[in-house]
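Engineer: Below are the structure tokens for one structure; questions will follow.
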Amino acid sequence: MKSYRQELWFSINSRRGLLNITPQINVCLEESGISEGLCLVNAMHITASVFINDDEPGLHADYEKWLETLAPHEPITRYAHNLTGEDNGDAHLKRCIMGREVVVAITEGILDFGPWEQIFYGEFDGNRKKRVLVKIIGS
Amino acid sequence: MKSYRQELWFSINSRRGLLNITPQINVCLEESGISEGLCLVNAMHITASVFINDDEPGLHADYEKWLETLAPHEPITRYAHNLTGEDNGDAHLKRCIMGREVVVAITEGILDFGPWEQIFYGEFDGNRKKRVLVKIIGS
Amino acid sequence: MKSYRQELWFSINSRRGLLNITPQINVCLEESGISEGLCLVNAMHITASVFINDDEPGLHADYEKWLETLAPHEPITRYAHNLTGEDNGDAHLKRCIMGREVVVAITEGILDFGPWEQIFYGEFDGNRKKRVLVKIIGS
Numbered sequence: 018m019k020s021y022r023q024e025l026w027f028s029i030n031s032r033r034g035l036l037n038i039t040p041q042i043n044v045c046l047e048e049s050g051i052s053e054g055l056c057l058v059n060a061m062h063i064t065a066s067v068f069i070n071d072d073e074p075g076l077h078a079d080y081e082k083w084l085e086t087l088a089p090h091e092p093i094t095r096y097a098h099n100l101t102g103e104d105n106g107d108a109h110l111k112r113c114i115m116g117r118e119v120v121v122a123i124t125e126g127i128l129d130f131g132p133w134e135q136i137f138y139g140e141f142d143g144n145r146k147k148r149v150l151v152k153i154i155g156s
Numbered sequence: 018m019k020s021y022r023q024e025l026w027f028s029i030n031s032r033r034g035l036l037n038i039t040p041q042i043n044v045c046l047e048e049s050g051i052s053e054g055l056c057l058v059n060a061m062h063i064t065a066s067v068f069i070n071d072d073e074p075g076l077h078a079d080y081e082k083w084l085e086t087l088a089p090h091e092p093i094t095r096y097a098h099n100l101t102g103e104d105n106g107d108a109h110l111k112r113c114i115m116g117r118e119v120v121v122a123i124t125e126g127i128l129d130f131g132p133w134e135q136i137f138y139g140e141f142d143g144n145r146k147k148r149v150l151v152k153i154i155g156s
Numbered sequence: 018m019k020s021y022r023q024e025l026w027f028s029i030n031s032r033r034g035l036l037n038i039t040p041q042i043n044v045c046l047e048e049s050g051i052s053e054g055l056c057l058v059n060a061m062h063i064t065a066s067v068f069i070n071d072d073e074p075g076l077h078a079d080y081e082k083w084l085e086t087l088a089p090h091e092p093i094t095r096y097a098h099n100l101t102g103e104d105n106g107d108a109h110l111k112r113c114i115m116g117r118e119v120v121v122a123i124t125e126g127i128l129d130f131g132p133w134e135q136i137f138y139g140e141f142d143g144n145r146k147k148r149v150l151v152k153i154i155g156s
């Protein structure tokens with residue numbers, strides 16, 4: 018069994034934002050030399066997500082509006098977590114909705130995706146550098 | 018390390034519906050000949066889910082009602098995504114709640130499940146054929 | 018390829034509660050002797066979650082309040098599932114938000130985590146013993 022590990026760093030210059038990281042994952046997969054296996058991609062931070070969906074700007078605007086409805090950023094006093102001095106209580110909840118990680122099948126050396134699947138980094142507490150972990154195992 | 022791949026096609030004859038696909042996954046597992054490992058089952062479409070829960074009709078009715086509360090289908094103008102000509106903006110959000118994929122342990126040649134765990138395909142934009150990917154790795 | 022399996026039993030003495038189970042997963046990892054691979058940790062029950070977030074009591078209070086807003090326990094008549102005689106309809110929905118499972122990279126014999134990542138068992142229908150499955154594969 019072969020294994021591969023890489024950290025990817027991202028910096029979103031706003032509180033929230035979505036970034037298509039499929040090209041970077043493809044580079045990792047090529048570096049790994051693995052043709053059959055599983056690829057785990059996870060946020061290493063607990064106020065960010067990795068998820069799979071469509072690269073369509075309208076949808077991304079819908080996510081932003083919807084997540085703000087389900088877990089509003091303000092007033093920051095609504096979250097007990099913010100009593101620690103943080104203002105990111107909402108980001109911990111938003112990340113639960115969108116998920117920490119994806120596991121993707123690797124088949125014949127490529128990400129085994131349906132027609133519209135793309136991997137996104139979802140930032141909910143940005144304006145700083147944060148990491149995504151890529152771990153691939155297989156043969 | 019052995020690996021196995023199969024696509025399963027499903028057609029739900031309504032906009033939304035849930036289907037217990039555990040029998041089909043068991044067939045895949047048997048075909049794979051893998052006795053120890055991990056089994057990934059994921060929707061290949063971004064308006065559908067694969068998730069694990071109970072095969073109880075009342076619960077499935079609760080899911081339907083609850084998801085419509087969290088991300089209503091109508092009015093379709095509420096979603097920027099629908100400006101593309103689609104009417105499935107809600108389906109992209111519902112799938113985030115229910116998840117894209119499950120990873121199941123394989124132990125002694127069977128799905129290593131608790132007493133009530135069953136694998137479901139969740140369709141949120143149906144009336145057409147769509148695919149689920151099964152990838153099993155192990156020994 | 019090596020594989021390892023363990024069941025962990027937990028009993029939360031209230032309807033709902035969160036428990037940091039990272040120490041128990043570390044014991045499993047050490048027992049496994051696996052240094053490179055993937056570790057699946059999943060609830061074996063469908064009214065409980067395994068998820069990764071921060072071990073901060075204010076955040077845990079926020080989760081409790083937020084999940085009760087999204088899927089209230091009462092009135093129990095609001096859920097069709099409760100017509101079966103159960104009173105845990107809400108627990109099945111809360112577990113969808115928080116997730117069934119996590120997959121964690123194993124690198125050089127340790128859980129490959131960012132600075133604040135901790136694994137939690139989330140109980141939404143407690144007052145009885147329930148199980149978590151740990152499956153590790155790798156080399």
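Top line first, the protein sequences correspond to chains A, B and C.
Positions in the first sequence are counted from 1; adding 17 to them yields my numbering.
Positions in the second sequence are counted from 1; adding 17 to them yields my numbering.
Positions in the third sequence are counted from 1; adding 17 to them yields my numbering.
Just so you know, even glycine gets a beta-carbon here, dropped at the ideal spot from N, CA and C.
What you are looking at is a predicted structure, and each value in this text was computed from that prediction instead of being measured.
(1) Could one say the Cβ of C:M14 lies closer than 8 angstroms to chain B's Cβ atoms, at least one of them?
(2) From the beta carbon of A:S17, is the nearest beta carbon of chain C less than 8 angstroms away?
(3) Give a yes or no on whether 8 angstroms exceeds the smallest Cβ distance from C:I69 to chain D.
(4) Quick one: is B:L76 near chain C, going by C-beta distance under 8 angstroms?
(5) Kindly identify the DSSP beta-bridge partner or partners of B:R22.
(6) Quick check: is the beta carbon of A:D107 nearer than 8 angstroms to any beta carbon in chain B?
(7) By DSSP, does A:G75 sit in helix, in strand, or in coil?
(8) So, with DSSP's three-state summary, where would you put B:A122?
(9) B:G143 and B:N30 look like a contact to me (Cβ under 8 angstroms); what is the Cβ gap, rounded to whole Å?
(10) When the cut-off is 8 angstroms and only beta carbons count, does A:A88 lie next to chain C?
(11) Going by other Cβ atoms of all chains shown within 10 Å of its Cβ, with 16 needed for buried, is C:E73 buried or exposed?
(12) Take C:N105 and list the residues in its own chain whose beta-carbon comes closer than 8 angstroms to its own, dropping the five residues that flank it on each side.
(13) Quick check: what's the CA-CA separation for C:S28 versus A:I136?
(14) Roughly how far, in whole angstroms, is the beta-carbon of A:L110 from the beta-carbon of C:W26, given that I think they are within contact range, below 8 angstroms?
(15) Just to confirm my understanding: we take B:K152, look at its own chain, exclude 5 residues before and 5 after, and list those with CB closer than 6 angstroms. What are they?
(16) Count the CB pairs spanning the region 112-131 of chain B and the region 45-56 of chain B that are closer than 8 angstroms, and state whether there are at least three.
(17) What is the residue span of the beta strand (DSSP E) that A:G34 lies within?
(18) Select from the region 35-52 of chain A all residues with a C-beta closer than 8 angstroms to any C-beta belonging to chain B, and list them in chain order.
(19) Taking its Cβ as the centre, do 16 or more other Cβ atoms sit within 10 Å of B:R145, making it buried, or is it exposed?
(20) What does a CB cutoff of less than 8 angstroms around C:Y95 pick up in its chain, not counting 5 residues either side in sequence?
(21) Beta carbon of B:V119, beta carbon of C:E24: below 8 angstroms?
(22) Checking contacts by CB at 8 angstroms: is C:D129 closer than that to chain A?
(23) At the 8 angstroms Cβ level, is A:T101 part of the contact set with chain C, yes or no?
Structural biologist: Taking the structure as given:
(1) Past the edges of chain C, shown from 18 to 156, lies residue 14 of chain C, and the structure says nothing about it.
(2) With chain A running from 18 to 156 in the structure shown, residue 17 of chain A is simply not present.
(3) Absence of chain D from the displayed structure is noted, the protein chains being A, B and C.
(4) Judged by the 8 angstroms Cβ criterion, B:L76 is in contact with chain C.
(5) Under DSSP, B:R22 forms a beta bridge with B:K152.
(6) No, because no Cβ of chain B sits closer than 8 angstroms to the Cβ of A:D107.
(7) If DSSP states are grouped into helix, strand and coil, A:G75 belongs with the helices.
(8) Here DSSP, grouped into helix, strand and coil, assigns B:A122 to strand.
(9) A Cβ-Cβ distance of about 7 angstroms is found for the pair B:G143 and B:N30, placing them in contact under the 8 angstroms criterion.
(10) With 8 angstroms as the cut-off, A:A88 counts as an interface residue toward chain C.
(11) Answer is buried; the Cβ neighbour count reaches 16.
(12) Closer than 8 angstroms at the Cβ level, and outside the excluded window around C:N105, lie T64, H98, N99, F141, D142.
(13) Each residue's alpha carbon lies about 37 angstroms from the other.
(14) With a Cβ gap of about 29 angstroms, A:L110 and C:W26 do not count as contacting.
(15) R22, L57.
(16) Yes: at least three Cβ pairs fall under 8 angstroms.
(17) Judged by DSSP secondary structure, A:G34 falls within the beta strand (DSSP E) whose first and last residues are 34-37.
(18) When CB distances to chain B are screened at a threshold of 8 angstroms, not a single residue of the region 35-52 of chain A falls below it.
(19) If you draw a 10 Å sphere on the C-beta of B:R145, you find fewer than 16 other C-beta atoms in it, and that means exposed.
(20) Just to set this straight, residue 95 of chain C is Arg in the shown sequence, not Tyr. Hits under 8 angstroms: P89, G106.
(21) In this structure, B:V119 sits away from C:E24, with a CB-CB distance that is not shorter than 8 angstroms.
(22) By this cut-off, C:D129 is an interface position.
(23) At a cut-off of 8 angstroms, the C-beta of A:T101 has a neighbouring C-beta in chain C.
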